[in-house]
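Chemist: Dumping the structure here so I can ask a few things about it.
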Amino acid sequence: MPAPERHLSLADRLIQEFDRALRTVTAANTAARPNPAGAARESVSEEAARRHAAALMRVNHAGEIAAQALYHGQALTARNPKTREALLEAARDETDHLAWCEQRVRELDDRTSLLAPLWYAGSFAIGAVAGLAGDRNSLGFVAETERQVIEHLESHLHDLPEGDERSRRIVEQMRDDEARHGSEASAAGGRELPRPVRDLMRRTARVMTRTAYRI
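Below, the structure is given as C-alpha cells:
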C-alpha cells in the first residue's frame, strides 16, 4: 500500500522555506534541462561588452532569485492544493533559469548580485501577501509579473552585445518559459490586477533592475 501523505505543520513549512531560501541564495543551482546556450561559441571578447553582458545577466539572475521567492511565498499561502502545485512547478522552471544565468555570469568572469538575500526576502514577503489575497488574485499576480518580465527580457535581447549568442539563447528560452507560466496562470482563473498595483510592481522591478546591474 502507498505511504500516507504527510501533512506538514506551519512550523515545518516555514523551516522548509528557510532551507529553500538558503539553497537558492548561497548554493550553486543545478538545472534539470540542458543549458540553451548549448555549443554556441563565446563571441564577447571586448572588455566593455563583456562587462555589459555580464551586468545584464546578473540582473536576470537577480530576477530569477526574486521569481523563486515569489512562487514559494505564494505557494506557502495558497488555499487550493492545485494552485500550490502549479506554483511550485513554475518555480522548478525558474531554478533552471537561475542556474543558466549564474553559469553565464561566471563565463563572463563576473559575479552575481551581492544583494541576493534582500531580493529573496522582499520577494518572498510580497508573494506570501499575494497568496493571502486569494488564489485568483495570486494567479493574476503571476500573470502580470510574467507579462512585465517578458517586456524586460525583450529589452535585454535588444541590449545584449551584438553576436552574444550564448546569452541570447538563454534569454530567449527564459522568455518562452515565462510566457507559458503567464498563460497558464490566466487560464487557471487569474484575475487582472488593478492599475495602481501593476504600476507599483513595475516601479519596484525598475529599482531592482537598476541596482542589480551594478551591485
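Heads up: the sequence shown is residues 16 to 230, going by the working numbering. Glycine residues also receive a C-beta, built at the ideal position from the N, C-alpha and C atoms. Please read all numbers here as calculations on a predicted model, not as lab measurements.
(1) Measuring alpha carbon to alpha carbon, tell me which of 145, 55, 82 ends up nearest residue 107.
(2) Three or more C-beta pairs closer than 8 Å, one from the region 145–159 and one from the region 87–97: is that the case here?
(3) Which value, in whole angstroms, describes the spacing of the CA atoms of residue 230 and residue 224?
(4) Determine the direct distance from the alpha carbon of residue 187 to that of residue 132, and round the result to whole angstroms.
(5) Any beta-carbon of chain B closer than 8 Å to the one on residue 179?
(6) Quick one: grab the DSSP three-state call for residue 166.
(7) Please name the residue in 87, 161, 113 whose C-alpha comes closest to that of residue 136.
(8) Would you give the residue range spanned by the alpha helix (DSSP H) that residue 74 belongs to?
(9) Taking all protein chains shown into account, decide if residue 45 is buried (16 or more other Cβ within 10 angstroms of its Cβ) or exposed.
(10) Going by the CB atoms, is the gap between residue 128 and residue 218 shorter than 8 Å?
(11) Report the rounded CA-to-CA distance for residue 67 versus residue 178, giving the unit in angstroms.
(12) Assuming residue 258 and residue 208 make a contact with CB atoms under 8 Å, what is their CB distance in whole Å?
(13) Using C-beta distances below 8 Å, list every residue in its chain close to residue 47, excluding the 5 sequence neighbours before and after it, in chain order.
(14) Per DSSP, what kind of secondary structure is residue 45 in: helix, strand or coil?
Modeler: The relevant details are as follows:
(1) With distances taken between Cα atoms, residue 107 lies closest to 82.
(2) The region 145–159 vs the region 87–97: in contact.
(3) Per the coordinates, the alpha-carbon of residue 230 lies some 10 Å from the alpha-carbon of residue 224.
(4) Straight-line spacing of the CA atoms in residue 132 and residue 187 works out to 26 Å.
(5) Given the protein chain composition of this structure (a single chain), no chain B is represented.
(6) DSSP places residue 166 within a helical segment (H, G or I) once states are collapsed to three.
(7) The shortest Cα separation from residue 136 among 87, 161, 113 belongs to 87.
(8) It spans 62–92 - the alpha helix (DSSP H) in which residue 74 sits, taken as one unbroken run.
(9) By the Cβ neighbour-count rule, residue 45 is exposed, with fewer than 16 other Cβ atoms within 10 Å of its own.
(10) Inclusion of residue 218 and residue 128 in the CB contact set at 8 Å is not warranted, their separation being larger than that value.
(11) Taking the straight line from one Cα to the other gives about 13 Å.
(12) Lying before the first or after the last residue shown, residue 258 is absent from the chain, which here runs from 16 to 230.
(13) Counting only Cβ-Cβ distances below 8 Å, and skipping sequence neighbours, we find 107, 110, 111.
(14) DSSP, reduced to helix, strand and coil, places residue 45 outside both helices and strands of the structure shown, so it counts as coil.
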